[in-house]
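First up is the structure itself, then whatever we jot down about it.
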Amino acid sequence: PWRAACAAKRRHPEPLAVALLLALFPPRYGQDLGLAGQPDTLGVQDLSQVCAHQTLPQMAPSVEIKDGDTVYEKIMKNQTHRYFFRSYNVTTMNQPDQYRKLIINLEPCKGIVYLMVRKTRQCYPNPYSCITQLGTPTERRTKPCAWTHFMSETDRSRDGTPTFFEVPLSSTKYYISVYATDNSAYTLTVLADIGAFPRPGNNGRINAKQLRELQVQLSWDPATFSPLGISGVKQYWVYSSMLLQNDDRTNMAVFMRPDKIMNTVCGLMNNTDREYTRIPPSACVLGVCNATIDGVITDKRYVFNVVVESHRGYRMAYAGLIMRTDWEVVRQAASDKTLKVIGAVSGSVLGMVVIIYFLMLKLYG
Numbered sequence: 027p028w029r030a031a032c033a034a035k036r037r038h039p040e041p042l043a044v045a046l047l048l049a050l051f052p053p054r055y056g057q058d059l060g061l062a063g064q065p066d067t068l069g070v071q072d073l074s075q076v077c078a079h080q081t082l083p084q085m086a087p088s089v090e091i092k093d094g095d096t097v098y099e100k101i102m103k104n105q106t107h108r109y110f111f112r113s114y115n116v117t118t119m120n121q122p123d124q125y126r127k128l129i130i131n132l133e134p135c136k137g138i139v140y141l142m143v144r145k146t147r148q149c150y151p152n153p154y155s156c157i158t159q160l161g162t163p164t165e166r167r168t169k170p171c172a173w174t175h176f177m178s179e180t181d182r183s184r185d186g187t188p189t190f191f192e193v194p195l196s197s198t199k200y201y202i203s204v205y206a207t208d209n210s211a212y213t214l215t216v217l218a219d220i221g222a223f224p225r226p227g228n229n230g231r232i233n234a235k236q237l238r239e240l241q242v243q244l245s246w247d248p249a250t251f252s253p254l255g256i257s258g259v260k261q262y263w264v265y266s267s268m269l270l271q272n273d274d275r276t277n278m279a280v281f282m283r284p285d286k287i288m289n290t291v292c293g294l295m296n297n298t299d300r301e302y303t304r305i306p307p308s309a310c311v312l313g314v315c316n317a318t319i320d321g322v323i324t325d326k327r328y329v330f331n332v333v334v335e336s337h338r339g340y341r342m343a344y345a346g347l348i349m350r351t352d353w354e355v356v357r358q359a360a361s362d363k364t365l366k367v368i369g370a371v372s373g374s375v376l377g378m379v380v381i382i383y384f385l386m387l388k389l390y391g
């Protein structure tokens, strides 16, 4: 009986004890408490002084982005969009270390955008602490930015390229800032179930060869998933576009340039009328996928790329390829001068053979 009584008291504690616990440890509601580098407190902190940059007119209001969502937004020059991500999924948190990760993928559709991420607690990353006087002769860029754990390269060496982070899921909250140095458009994806996201094979490399005068064959390695068994390849989207004379790359890290991006999903959709074809995963044989492009024009530069789509609807672009078509029909084996020399030598030899024949005929006839 005394054991039953003790169990009942544990299930129904005394009201006085509950009140005492609440007085000593009041519940926390509302916004995050405590700041990195400062002692935590029991009351809600005023962030207006420490995070003063969040009140700047260039800072957009914070928007929560859900796990697995992809958002498309346009952003003006020197503006910052803020996103808040949180995850309390116990199943995800219990994954092994190699799979307990978070994918944050920023893809520019047009223009230049930078990704900055802070985990655990505010403030939001502050791009104005490391990029000052934008567009002026006194512009300055330094690293790292304040309140930032992960960030894009901001030294202009990779302007117009996507930023892909796969970071350990060691926190339940992430604060994301997307900053633009030009009028731009972008997509942002946040995903904790990393096995649903396709990864282009062989680091996204594509090979091409010209089969005939108006035909090119593309080859690439199939996409992979990690961990396996979460999703698979639904289809491959193949894109083809002829380049203009002035379409040049800004540098080897950018494909092609910030105003014409050809290695992101939305960039390809913006700069092509539509995909050339779609290839099912069953068309990949012995670890190689192939697609044939017809109707290419001789002596023109083309850009080719492939986008892989998973059954969960996530897409990722390969690295892309620029190729100049060059197909020449050979109608004679050598130049006219060479043919004249060969004809003269052949005629002399033939004349000598005829003369010798008649001499032998006269001698032995």
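Numbering-wise (my numbering), the sequence shown opens with residue 27 and increments by one.
For each residue, glycine too, the CB sits at the ideal point set by N, CA and C.
None of the values given here were measured: they were computed from a predicted structure.
Inset, instruction - Please name the residue, chosen from Phe384, Asp181 and Leu294, that lies closest to Val329 on a Cα-to-Cα basis. - result: Leu294
Inset, instruction - Determine, using beta carbons only, whether Asn272 comes closer than 7 angstroms to chain D. - result: Absent here is chain D; the protein component of the structure consists of one chain.
Inset, instruction - For Pro226, name the three-state secondary structure that DSSP assigns. - result: coil
Legend entry - Own chain, CB closer than 6 angstroms to Ile220, minus 5 neighbours either side, in chain order: Lys127 and Ile129
Inset, instruction - Let me know the secondary structure DSSP gives Ala279 once reduced to three states. - result: coil
Legend entry - Where the beta strand (DSSP E) through Asn316 begins and ends: Cys315 to Asp320
Inset, instruction - Please report how far the alpha carbon of Asn120 lies from the alpha carbon of Leu270, in whole angstroms. - result: 52 angstroms
Inset, instruction - For His107, name the three-state secondary structure that DSSP assigns. - result: strand
Inset, instruction - State the beta-bridge partners of Met268 as determined by DSSP. - result: Tyr328
Inset, instruction - Could you tell me the distance, in whole angstroms, from the CA atom of Gly313 to the CA atom of Ser257? - result: 18 angstroms
Legend entry - 4 or more residues per run - each alpha helix (DSSP H) lying fully within the region 125–159: none
Inset, instruction - Could you round the C-beta distance between Ser210 and Ile101 to whole angstroms and report it? I think they count as a contact, below 8 angstroms. - result: 5 angstroms
Legend entry - Contact under 7 angstroms by Cβ, Asn104 with Leu160: yes
Inset, instruction - Report the three-state DSSP secondary structure of Lys235 (helix, strand or coil). - result: strand
Legend entry - Buried or exposed (CB count within 10 angstroms, at least 16 for buried), Ser178: buried
Legend entry - Exposure of Ala382, with buried meaning 16 or more beta-carbon neighbours within 10 Å: Residue identity differs from the one stated: residue 382 is Ile in this sequence, not Ala. Result: exposed.
Inset, instruction - May I have the straight-line CA-CA distance separating Asp320 from Val332, to the nearest angstrom? - result: 16 angstroms
Legend entry - Between the CA atoms of Thr189 and Ala343 - distance to the nearest angstrom: 12 angstroms
Legend entry - contact_flag[the region 222–240, the region 163–183] where n(CB pairs < 8 angstroms) is 3 or more: no
Legend entry - Three-pair Cβ contact test at 8 angstroms for the region 201–218 versus the region 136–152: yes
Inset, instruction - Quick one: using the 10 Å Cβ neighbour count with 16 as the cut-off for buried, is His79 buried or exposed? - result: buried
Legend entry - Cβ pair Tyr205, Pro153 closer than 7 angstroms: yes
Inset, instruction - With DSSP collapsed to three states, give me the class of Gln75. - result: coil
Inset, instruction - Per DSSP, which residues does Trp246 bridge with? Please list them. - result: Ile232 and Cys315
Inset, instruction - Determine which residues share a DSSP beta bridge with Pro194 and list them. - result: Lys127
Inset, instruction - Enumerate in chain order the residues of its own chain whose CB-to-CB distance from Ala249 is below 7 angstroms, with the five nearest sequence positions on each side excluded. - result: Pro224, Arg225, Pro226, Gly227, Val259 and Val334
Inset, instruction - Flag this pair as yes or no: are the beta carbons of Lys218 and Ser113 separated by less than 7 angstroms? - result: Before going on, a small fix: residue 218 reads as Ala here, not Lys. Yes, they are a contact pair.
Inset, instruction - With distances taken Cα to Cα, identify the nearest neighbour of Thr318 among Leu195, Gln236, His337 and Arg108. - result: Gln236
Inset, instruction - Quick one: give me the first and last residue of the beta strand (DSSP E) that Leu214 is part of. - result: Ser210 to Leu217
Legend entry - Between the CA atoms of Val143 and Ile287 - distance to the nearest angstrom: 23 angstroms
Inset, instruction - Could you name the residues of the same chain whose beta carbon sits closer than 7 angstroms to that of Thr168, not counting the 5 residues immediately before and after it, in chain order? - result: Cys156
Inset, instruction - In angstroms with no decimal places, state the Cα-to-Cα distance between Cys315 and Gln261. - result: 11 angstroms
Inset, instruction - For Ala206, write down the residues that DSSP places opposite it in a beta bridge. - result: Val139
Legend entry - Residue burial classification, Gly255 (beta-carbon count within 10 angstroms, cutoff 16): exposed
Legend entry - Local Cβ density within 10 Å of Thr164, reported as buried at 16 or more and exposed below that: exposed
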